Amino acid sequence: MEYVFIIKMYETGVYKYVHPIMFPPLQNCDSPRTYQSAGLPDLMTAFAIFILGIVFAVVIFIFECLWIRKKRLFLTLKKSLVQRKPAHQTHRETHTLQIPKPKT
1 MEYVFIIKMY
11 ETGVYKYVHP
21 IMFPPLQNCD
31 SPRTYQSAGL
41 PDLMTAFAIF
51 ILGIVFAVVI
61 FIFECLWIRK
71 KRLFLTLKKS
81 LVQRKPAHQT
91 HRETHTLQIP
101 KPKT
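All the letters of the sequence shown, read from the start, carry residue numbers 1 to 104 under the UniProt record's numbering.
Below you can see the structure in the form of structure tokens.
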């Protein structure tokens, strides 16, 4: 079906008018270009982004190391606190009064 429209465009001359507008001809270069190497000022932004990425990576690595150390310290303290408490002592047992037995 698309081919019918293209044929009609050829027949009416619309294609000859639209084609140069949609696809303009390329310009020919008269003089050859000279080779120019990229210097440090041209690559300054690329180096800045690269260094910024390295800095962010190091900061995230240090943060993760500190986070792991904090987690280990928390687990160690939690274990030591659990081991210090008597295993089966309830709140009621710690506050019971001991009444002396009467002498007979």
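Ideal Cβ placement from N, Cα and C applies to all residues, glycine included.
Quick caveat: nothing in here was measured; it's all calculated off a predicted structure.
C-beta contact flag for residue i and residue j at 8 angstroms
| i | j | result |
| --- | --- | --- |
| Y15 | M22 | no |
Opening and closing residue of the alpha helix (DSSP H) in which residue i lies
| i | result |
| --- | --- |
| K16 | 14 to 22 |
- Task: Could you pull out every unbroken beta strand (DSSP E) segment of at least 3 residues lying fully inside the region 23 to 59, listed in chain order?
- Result: none
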